[in-house]
Amino acid sequence: MHVTSLFLAINDLSYVWDKATLEGKAIIVLLVFFSIFAWSTMAHKAMQMRRARRLNQFFEAEFRTQTRVMDVFDRQVRVDDCPLFMVYREGCGELDTGLRKGTGGERRAHASIKTIEHVKRTLESAVARESLRLESGLILLAIAVSGAPFLGLLGTVWGVMSAFSYVAMLGKADLATMAPGVAAALVTTVAGLLVAIPSMFGYNWLVHNLRVATVQLDNFAQELISKIENEYLAEN
């Protein structure tokens with residue numbers, strides 16, 4: 000029964016494809032490429048965010064075991080592709096530069112308010128940069144979500160227009176004459192929705208995870224600057 004249904008569905012799709020106009024076929028092919036790009040983007044971003052989340056957990060656990068802010072930095076630990084580590088490295092690098100400035104290479108025990116302000120701005124820039132890195136590629140999904148239904152609608156309108164033109168040329172308007180062209184025209188709308196609906200769910204899920212990651216970066220930057228101030232800012 001299932002094999003028969005599948006065979007009939009394939010025959011229906013083949014029939015509709017044969018009846019589709021050249022413009023409709025071009026739009027369907029374009030939507031297929033949209034779908035490939037959308038699914039590959041969703042898979043890549045999902046793996047990227049999963050890896051970033053796991054590396055963040057690893058680095059955060061390591062960071063909290065240290066007694067001093069610069070311990071991980073001084074050990075020259077590297078956690079590539081870890082957003083929290085990238086923010087930490089940028090902030091500690093700026094702090095290290097400020098502590099060594101004008102001392103001949105020796106690190107001072109205390110930092111000036113100016114140095115702390117430089118570290119704050121560096122952390123803000125690092126958070127923004129990591130957020131943009133995680134966000135890269137989402138524009139493809141946004142285009143698929145917003146553009147695919149309209150491409151499908153364009154194909155449908157074009158196909159219906161062609162179907163009515165064909166009926167007008169024949170001079171008779173019966174169901175057998177109109178149905179094939181209208182059915183073929185509606186396929187482009189179905190194709191557009193098949194591209195847009197999964198892309199919409201994937202986009203919303205990725206945006207949610209991106210917001211969570213951005214909040215985590217902001218919180219870590221605030222925690223880091225607080226620890227730097229407690230440890231290095233001289234009390235007047």
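Residues in the sequence shown are numbered from 0 upward in steps of one, following numbering that gives the first Met the number 0.
The C-beta atom is built at its ideal place from N, Cα and C for all residues, glycine as well.
Being a predicted model, the structure only gives us computed values, none of them experimental.
- Task: Less than 8 Å between the CB atoms is what I'm expecting for G158 and A183, so what's the real figure, rounded?
- Result: 6 Å
- Query: Roughly how many whole angstroms lie between the Cα atoms of L223 and C81?
  - Reply: 16 Å
- Item | Residue burial classification, E93 (beta-carbon count within 10 angstroms, cutoff 16) | Buried, because 16 or more other Cβ atoms sit within 10 Å of the Cβ of E93.
- Query: Near D242, what residues of its chain come up, given a Cβ to Cβ distance below 8 Å and the 5 sequence neighbours on each side ignored?
  - Reply: The requested residue 242 is not part of the displayed model; the chain covers only 0 to 235.
- Query: Should the region 34-49 be called in touch with the region 65-75, which here means at least 3 C-beta pairs below 8 Å?
  - Reply: no
- Task: Could you say if the region 128-142 and the region 94-113 meet the contact criterion of at least three C-beta pairs nearer than 8 Å?
- Result: In short, these stretches do not touch, since the Cβ pair count stays below three.
- Query: Taking contact to mean at least 3 C-beta pairs separated by less than 8 Å, is the region 51-61 in contact with the region 186-201?
  - Reply: no
- Message: Applying the 10 Å Cβ sphere with the 16-neighbour rule, what's the burial state of M199?
- Response: buried
- Indicate whether I227 and I112 have their beta-carbon atoms separated by less than 8 Å. No, the Cβ-Cβ distance between I227 and I112 is not below 8 Å.
- Would you call the CB atoms of A37 and L232 closer than 8 Å? No, these two residues do not count as a Cβ contact at 8 Å.
- For A190, name the three-state secondary structure that DSSP assigns. helix
- Rounded separation between V28 and P148 - CA only: 14 Å
- Buried or exposed for N55, please, with buried defined as at least 16 other CB atoms from any protein chain shown within 10 angstroms of its CB. buried
- Query: Skipping 5 residues on each side, what residues in its chain have a beta carbon closer than 8 Å to that of G136?
  - Reply: T40, H43, K44
- Give the single residue among R107, Q75, R120, T155 whose Cα lies nearest to the Cα of L21. T155
- Give the straight-line distance between the Cα atoms of G103 and N229, rounded to the nearest whole angstrom. A straight line joining the alpha-carbon of G103 with that of N229 spans about 25 Å.
- Item | heavy atom of the ligand NAD below 7 Å from L94 C-beta | This structure lacks the ligand NAD; in fact it carries no ligand of any kind.
- Quick one: Cα of Q75 to Cα of N208, how far? 29 Å
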